[in-house]
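Here the structure comes first, spelled out in structure tokens, and everything after it is commentary.
Residue numbers (this note's numbering): 4 to 234.
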């Protein structure tokens with residue numbers, strides 16, 4: 004089998020181009036939480052692995068960018084932008100409020116970008132904030148909304164009009180989005196909110212903006228409050 008031909012076919016597969024960046028992100032998540040990695044090389048500051056993760060995911064998104072017809076040319080009306088910001092802010096408020104033990108699937112340590120003296124390492128914190136507010140929303144919305152929501156409605160998902168997606172697509176994708184996050188209840192509400200924006204507008208940039216605004220507000224709040232478990 005011609006490897007080059009197989010790679011070219013995968014690159015042209017619209018599902019693959021939306022799944023791969025997300026899969027790479029999950030792979031790095033598993034590495035970040037791996038005990039053998041931390042125990043095996045205890046002198047390495049593995050918090051910097053986040054920078055590698057975001058660079059790899061960003062590289063994958065850029066490689067496939069021309070394949071993402073839904074976001075290749077940014078378009079966003081003022082009304083869509085305002086609604087996206089309102090939803091993003093609301094999700095942020097819910098995220099930091101809906102935080103009881105019963106709404107958590109697990110209890111992460113969070114990402115603490117402080118040095119040994121207790122001061123914030125601003126380069127590390129800035130990379131984390133940039134990744135969460137810019138790269139992650141594009142990667143996740145391409146996967147959860149553009150791919151998963153439409154695929155639930157129609158396996159030939161590129162032909163599924165987001166404006167006419169049904170309740171099953173919204174509910175199932177939001178439930179799956181919820182279990183990706185340790186705060187499952189807040190994640191469920193976030194998935195419903197971003198999914199509603201996608202259906203309402205038919206424009207993936209609207210949930211991307213909302214998602215990015217949520218993550219930016221959360222990151223700034225974490226840096227101000229020191230509630231690292233939310234990161």
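No residue lacks a Cβ here, since even glycine has one placed at the ideal position from N, Cα and C. Bear in mind that the values here come from a model prediction, so they are computed numbers and not experimental data.
Query, Result
"For residue 88, the nearest candidate out of 215, 223, 224, 225 (CA to CA)", "215"
"Same chain, Cβ closer than 8 angstroms to residue 106, neighbours up to 5 away in sequence not counted", "186, 187, 188, 189"
"Local Cβ density within 10 Å of residue 90, reported as buried at 16 or more and exposed below that", "buried"
"Proximity below 8 angstroms, CB of residue 177 to CB of residue 191", "yes"
"Cβ neighbours of residue 133 in the same chain (closer than 8 angstroms, five flanking residues each side left out)", "57"
"Cα-Cα separation between residue 103 and residue 110, rounded to whole angstroms", "11 angstroms"
"Reduced DSSP secondary structure (H/G/I, E/B, other) of residue 119", "coil"
"Residue of 120, 127, 99 minimising C-alpha distance to residue 233", "99"
"Simplified DSSP state of residue 230, which is helix, strand or coil", "coil"
"Boundaries (first-last residue) of the alpha helix (DSSP H) holding residue 3", "Coverage of the chain is limited to positions 4 through 234, which leaves residue 3 absent and any answer about it impossible."
"Within 8 angstroms, strictly: CB atoms of residue 208 and residue 24", "no"
"Neighbourhood of residue 34 by C-beta, 7 angstroms cutoff - its chain only, sequence neighbours within 5 removed", "40, 52"
"Inter-residue Cα distance where the pair is residue 166 and residue 32", "32 angstroms"
"Unbroken alpha helix (DSSP H) run spanning residue 112, endpoints", "It is not in any alpha helix (DSSP H) - residue 112 carries neither H nor E in the DSSP assignment."
"6 angstroms Cβ shell around residue 101 - same chain, five flanking residues per side excluded", "188, 189"
"Member of 143, 20, 168, 199 whose CA lies at the smallest distance from the CA of residue 155", "168"
"Candidates 13, 54, 229: closest to residue 122 by CA position", "229"
"Cβ neighbours of residue 161 in the same chain (closer than 6 angstroms, five flanking residues each side left out)", "17"
"Start and end residues, alpha helix (DSSP H) containing residue 83", "81-100"
"Cut-off 8 angstroms between Cβ atoms - residues of its own chain near residue 138, not counting five sequence neighbours on either side", "57, 60, 61, 64"
"Anticipated Cβ contact below 8 angstroms, residue 93 with residue 218, distance rounded", "Wrong, their Cβ atoms sit about 14 angstroms apart, outside the cutoff."
"Start-to-end residues for the alpha helix (DSSP H) that takes in residue 198", "187-204"
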